[in-house]
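S.K.:
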Amino acid sequence: MNRSEILCDAPSKENTLYLMRRDQRIVENHCIELAYEFSAKNIYVMYDYGSIVKNNKQTKFILQGMSEVLKQANDLNLYFTINFAEDSDQLAVKDFIKKNKIDSIIVDFCPLRQSLEYVKKLTKYCNTNKIRLIRCDSHNMVPCFKLTQYKRTGKSVKADLYKHWSEYYKAFKELKEYKFNKNVEKFNKETEQNFNKYFEKFNEESLGAGKKGKKLKIGMESGKGKENSSIDYHTGGYSNGMKELSIFFEERFSEYDAFRNNPDKDVLSNLSPWIHCGQISSLKVIQLAMKRFSPSNVNLDTFLNEVFVWKETADHFCYHEKNYDNLEGALPWAKETLTVHKKDKRAKIYTLSELENGLTSDEYWNAGQKQMVITGKMHGYVRMYWAKTLLQWSKTPEEALERAFYLNDKYSIDGNDPNGYLGIMWSICGSMDQGWAEREIIGKIRAMKPCKTKKYVNNWADKNIEDYIY
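Below, the structure is given as structure tokens:
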């Protein structure tokens, strides 16, 4: 089973560094397993926090989970440090490599262009300095690079993924305490102190200055400010992610297939924030689901289609399609139909401010926008309708895409992610889909109507977005 690529080949003698970026966990991580195989002496783990593209909600979610990552490192006797520097030249990383005489580096996989550029720079540095560099995909069950040919329909990607199922559906290794590292407690204690200072400063700054910030702080300390602390809806960390999975299996899974597209029903897994941040492994989630439920269970099949097929199709799309976030990334038929209908008369063009604050004439759309801004998540079915409707409220398809990506990446805990990019491209441009009956404005793109979800709409009707942005 090979889920890694050699980007720079050089002798690996003593010290290994795992540059953690996308997969923020020590347990159930193939990158850590690989480090155990390579290193003859010291293993270091550096979370390169400063290089990660993240919004405010994601930042706090990541920081909430980081203390547990440190504990996992302590349990395995691994050196763990965090690079907070926002450094495009990777100077702090390079200094650490030199100081600790690193001769082997493992970096995790992400198909987005910012991450690919990061690895490109790192590869150049490793080639110059004769350091071994390996990229390992522990985010997907089937490593993204295994599907070498760009498939442009969801059906064809699904078929290819299942061809590799038996090869990669393997249990994680049970790792024991790494015996060669010395004085880990002292090293990691310094990391913990620096992290606590940073997190405390972040919490102070995130509340804001002036009377509003003080009011929020008092509310949070008294337990009355939960509504204004949107991150409280989803708290980061491996344990919280696995707890959410357990609750999903016990309380919601039995109705997942029947009601997952009904926003009035609470049946979704809600796992995307933890999976996006790599705080839990989707492979582990799949294994636990397979162990617990019968293969004939329709809910299992539907769940696997989301957590395995759709998730890994999104990585496939973003890896092979360099224009994964603009109209040039659409299929020829989609670009043609959207161009033909580009000048169709729109009933209403909303400003970005009106959209951002949920001030449209569509109460269903407003509810979705409010849910996303306030909680950091939007119901999956609503998000498809939300994105498609932007095409009818924007001057051009290009503007609709820009607005959708901007809002999703700014407010969603699972934003800045291949799932979000493919989801929006599917909704607006028909990516990984097919052509449908032609209509005004949307052309042959699949149409969607809002559900009759009175309960969902009422839950958000009296919420004012401005009260939650600070």
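Just so we're aligned, residue 1 is where the sequence shown starts under full-length UniProt numbering, counting upward by one. The beta-carbon is built from N, C-alpha and C at its ideal position, and this holds for glycine as well. All values reported here derive from a predicted model rather than from experimental measurement.
#1: Locate the alpha helix (DSSP H) running through Tyr238, then write down its first and last residues.
#2: Can you name the residues that DSSP bridges to Ile424?
#3: Tell me, please, which residues DSSP counts as bridged to Val107.
#4: By DSSP, does Arg292 sit in helix, in strand, or in coil?
#5: State the beta-bridge partners of Ser45 as determined by DSSP.
#6: With distance defined between alpha-carbon atoms, name the residue in Ser4, Asp264, Asn464, Trp274 nearest to Ile105.
#7: At a cut of 8 Å, does the region 178-192 reach the region 39-57 through at least three beta carbon pairs?
#8: Mind checking whether Asn15 and Ile102 have CB atoms under 7 Å apart?
#9: Can you name the residues that DSSP bridges to Gly443?
#10: For the beta strand (DSSP E) that Ile465 lies in, which residues bound it at each end?
#11: Among residues of its own chain, excluding the 5 on either side of Asn419, which ones have a beta-carbon nearer than 8 Å to its beta-carbon?
#12: With 16 other CB atoms within 10 Å as the buried threshold, where does Asn464 fall?
#13: Does Ile102 come out as helix, strand or coil in the three-state DSSP assignment?
#14: Applying the 10 Å Cβ sphere with the 16-neighbour rule, what's the burial state of Ser143?
#15: Under a Cβ-count criterion, where at least 16 other Cβ atoms within 10 Å of its own Cβ denotes burial, should Tyr319 be classed as buried or exposed?
#16: Give the single residue among Lys322, Met432, Lys444, Asn458 whose Cα lies nearest to the Cα of Leu116.
#17: Tell me the residue span of the alpha helix (DSSP H) that contains Ser254.
#18: Using only alpha-carbon positions, find the residue among Lys120, Phe145, Lys60 that is nearest to Val133.
#19: Relative to the ligand ATP, is the shortest distance from any of its heavy atoms to the C-beta of Gln114 smaller than 6 Å?
#20: The alpha helix (DSSP H) with Leu112 in it runs from where to where?
#21: If I'm right that Leu401 touches Ile424 with Cβ under 8 Å, what's the distance once you round it to whole angstroms?
#22: Under 8 Å, with one C-beta from each stretch per pair, do the region 58-65 and the region 235-248 reach the 3-pair mark?
#23: Taking C-alpha atoms, which residue in Gly329, Lys60, Tyr79 lies nearest to residue 542?
#24: With DSSP as the reference, please indicate the residues paired to Ser4 in a beta bridge.
#25: Would you decide whether Leu70 is buried or exposed? Buried here means 16 or more other CB atoms lie within 10 Å of its CB.
#26: Spatial neighbours of Ala40 within its chain, please: C-beta separation below 6 Å, excluding the five flanking residues on both sides.
#27: Give the DSSP-derived three-state secondary structure of Tyr448 in the structure shown.
#28: Decide if Glu356 is buried, meaning its Cβ has at least 16 other Cβ atoms within 10 Å, or exposed.
#29: Terminal residues of the continuous alpha helix (DSSP H) containing Met66?
#30: Can you tell me the Cα-Cα spacing of Ile441 and Asp325, whole angstroms?
#31: Which same chain residues, not among the five before or five after Leu300, have their C-beta less than 8 Å away from its C-beta?
#32: Please confirm if the region 442-456 is in contact with the region 251-265, defined as three or more CB-CB distances below 8 Å between the two stretches.
#33: Under the rule that 16 or more other beta-carbon atoms within 10 Å means buried, what is Arg113, buried or exposed?
#34: Pull up the distance between the alpha-carbon of Ser281 and that of Glu255, whole angstroms please.
#35: Whose C-beta lies closer than 7 Å to the C-beta of Lys410 among residues of the same chain, with five residues either side of it excluded?
M.R.: Straight from the coordinates:
#1: For the purposes of this step, residue 238 is taken as the residue at position 238 of the sequence shown. For Tyr238, the enclosing alpha helix (DSSP H) covers residues 238-247.
#2: For the purposes of this step, residue 424 is identified with residue 424 of the sequence shown, where counting begins at 1. For Ile424, no pairing in a beta bridge is given by DSSP.
#3: Working through the sequence shown from its first residue, we reach residue 107 at position 107. Beta bridge pairing from DSSP links Val107 with Leu19, Arg135.
#4: In the sequence shown, residue 292 corresponds to position 292, counting from 1. DSSP, reduced to helix, strand and coil, places Arg292 within a helical segment of the structure shown.
#5: Along the sequence shown, read from residue 1 onward, the residue named residue 45 stands at position 45. Sequence check: residue 45 is Val here, not Ser. Residue pairing for Val45: DSSP places it in a beta bridge opposite Tyr18, Phe80.
#6: Looking up residue 105 in the sequence shown gives position 105. Nearest C-alpha to Ile105: Ser4.
#7: The answer is yes - the region 39-57 touches the region 178-192, with three or more Cβ pairs under 8 Å.
#8: Within the sequence shown, numbered from 1, the residue matching residue 15 stands at position 15. Within the sequence shown, numbered from 1, the residue matching residue 102 stands at position 102. Yes.
#9: The residue given as residue 443 occupies position 443 in the sequence shown. Arg439.
#10: Numbered from 1 along the sequence shown, position 465 holds the residue referred to as residue 465. Element bounds for Ile465: n/a, residue is neither H nor E.
#11: Translated into positions along the sequence shown, residue 419 becomes position 419. Around Asn419, the same chain offers Ser272, His276, Trp310, Lys311, Ala314 as residues with beta carbons nearer than 8 Å, after the five sequence neighbours per side are excluded.
#12: The residue given as residue 464 occupies position 464 in the sequence shown. Classification of Asn464: exposed, given that the 10 Å Cβ count is below 16.
#13: Here residue 102 refers to the residue found at position 102 when the sequence shown is read from its first residue. Assigned with DSSP and collapsed to three states, Ile102 falls in strand.
#14: Residue mapping note: residue 143 aligns to position 143 of the sequence shown, counting from 1. First, the residue type needs correcting, since residue 143 is Pro and not Ser in the sequence shown. Buried, because 16 or more other Cβ atoms sit within 10 Å of the Cβ of Pro143.
#15: Here residue 319 refers to the residue found at position 319 when the sequence shown is read from its first residue. Note on Tyr319: 16 or more other CB atoms within 10 angstroms of its CB, so buried under the neighbour-count rule.
#16: Within the sequence shown, residue 116 is the residue found at index 116, counting from 1. Nearest C-alpha to Leu116: Lys322.
#17: As a working note, residue 254 is residue 254 in the sequence shown. First-last for Ser254: undefined, no H or E at that position.
#18: Position 133 of the sequence shown, counted from the start, is the residue given in the question as residue 133. Here the sequence assigns Leu to residue 133, which means Val is not the residue at that position. The shortest C-alpha separation from Leu133 is found at Lys120.
#19: With respect to small molecules bound, the structure shown includes none, and the ligand ATP cannot be examined in it.
#20: As a first step, residue 112 must be located in the sequence shown, where it is residue number 112. Boundaries for Leu112: no alpha helix (DSSP H) harbours it, and the DSSP string shows neither H nor E there.
#21: In the sequence shown, residue 401 corresponds to position 401, counting from 1. In the sequence shown, residue 424 corresponds to position 424, counting from 1. Yes, they are in contact, since the Cβ atoms of Leu401 and Ile424 sit about 7 Å apart, within 8 Å.
#22: Yes, the region 58-65 touches the region 235-248.
#23: Residue 542 cannot be examined here, being either before or after the span of the chain that is shown, 1 to 470.
#24: Working through the sequence shown from its first residue, we reach residue 4 at position 4. Within the DSSP bridge table, the entry for Ser4 names Cys136 as partners.
#25: By one-based count along the sequence shown, residue 70 stands at place 70. By the Cβ neighbour-count rule, Leu70 is buried, with 16 or more other Cβ atoms within 10 Å of its own.
#26: Against the sequence shown, residue 40 aligns to sequence position 40. Correct list, in chain order: Glu14.
#27: Here residue 448 refers to the residue found at position 448 when the sequence shown is read from its first residue. For the sequence presented, residue 448 should be read as Met rather than Tyr. Coil at Met448, not helix or strand.
#28: Translated into the one-based positions of the sequence shown, residue 356 becomes position 356. Glu356 is classed as buried because its beta carbon has at least 16 other beta carbons within 10 Å across all chains shown.
#29: Residue numbering aside, residue 66 sits at position 66 when the sequence shown is read from its first letter. Per DSSP, the continuous alpha helix (DSSP H) segment holding Met66 begins and ends at 56-75.
#30: In the sequence shown, the residue the question calls residue 441 occupies position 441. In the sequence shown, the residue the question calls residue 325 occupies position 325. As the crow flies, the alpha-carbon of Ile441 is around 20 Å from that of Asp325.
#31: In the sequence shown, counting from the first residue as 1, residue 300 sits at position 300. Within the same chain, Ala289, Met290, Phe293, Ser294 come within 8 Å of Leu300 by CB-CB distance, once the 5 residues on both sides are set aside.
#32: The region 442-456 vs the region 251-265: in contact.
#33: In the sequence shown, residue 113 corresponds to position 113, counting from 1. Exposed is the call here.
#34: To locate residue 281, count along the sequence shown from 1; it is residue 281. To locate residue 255, count along the sequence shown from 1; it is residue 255. Distance between the alpha carbons of Ser281 and Glu255: 23 Å.
#35: Within the sequence shown, residue 410 is the residue found at index 410, counting from 1. Cβ within range, chain order: Asn55.
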